[in-house]
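Please read the structure below before turning to the comments.
In our numbering, the protein residues as written are 407 to 649.
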């Protein structure tokens, strides 16, 4: 009973809170309008937050899903751009898709790597960061800028000079490697872009010229073999006559 009477006495002794300070000045009209604007802005923000929160909950979107969506949109945009390209330029994206190219340290590695990768190929180089070792059996082309191949050549790959990569891109086609082999003098470097001295050279013309050069080189090699064979036959005939 004593505790209850003590609590009641404290309750009666505590001052009641004032809703408005007796000494406070009334708000001006400008202050009232500013306060009303703030309250209105708060009321408008609350349902938007609720809506966005419920939307996120409904969609169940996560950061991973959002990243996947953005990647899909980027791939779609890229596909549309490729479709808009002329056929010969679009074909460049897969020009080296069946090629695994290994670059010698004496070649312009950064430039060649960029070109081969952007044309669908795989690239390795001499260095610790290379994804391929020099002895990798998947290598189809080894690009070198040396007078001769060091050591024994590997039969499963082609050894070419850097110009082969550039001319393939200019011609929009994989060119024969014979004219670009190590130690040979490469054919004239032709560009499909405007050149004040030579003028515009179409890609088809570049392909034809380089193909003719390759056929001529192979034909010359065949004639050399025939000449050697003919000399051997003449030697045999001379030996028969002596007998």
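Built from N, CA and C at the ideal position, the CB exists for glycine as well. What you are looking at is a predicted structure, and each value in this text was computed from that prediction instead of being measured.
Integer-rounded CB distance, given that residue j should sit under 8 Å from residue i
i: residue 614; j: residue 589; result: Contact flag wrong, Cβ pair sits at about 25 Å.
i: residue 541; j: residue 566; result: So it is not a contact: roughly 18 Å between Cβ atoms.
i: residue 508; j: residue 545; result: 5 Å
i: residue 470; j: residue 502; result: That belief does not hold up - the Cβ atoms of residue 470 and residue 502 are roughly 33 Å apart, past 8 Å.
Residue i, buried or exposed, once every other Cβ within 10 Å from all chains shown has been counted against 16
i: residue 457; result: Caution applies to residue 457, whose pLDDT of 49 falls short of 50 and renders its modelled position unreliable; the model cannot decide the point.
i: residue 552; result: exposed
i: residue 500; result: exposed
i: residue 479; result: exposed
i: residue 585; result: buried
i: residue 513; result: buried
i: residue 593; result: buried
i: residue 534; result: exposed
i: residue 578; result: buried
i: residue 564; result: buried
i: residue 523; result: exposed
i: residue 475; result: exposed
i: residue 446; result: exposed
i: residue 477; result: exposed
Whether residue i touches residue j by CB criterion (9 Å)
i: residue 531; j: residue 547; result: no
i: residue 595; j: residue 573; result: yes
i: residue 519; j: residue 529; result: yes
i: residue 562; j: residue 543; result: yes
Selection from the options that minimises the alpha carbon distance to residue i
i: residue 511; options: 523, 568 and 559; result: 568
i: residue 517; options: 549, 587 and 545; result: 549
i: residue 575; options: 468, 442, 472 and 525; result: 525
i: residue 497; options: 580, 537 and 591; result: 580
Problem set entry | Uninterrupted alpha helix (DSSP H) stretches inside the region 499 to 577 (no shorter than 4 residues) | Counting whole runs of 4 or more residues, the region 499 to 577 contains the alpha helix (DSSP H) stretches 515 to 524 and 569 to 577.
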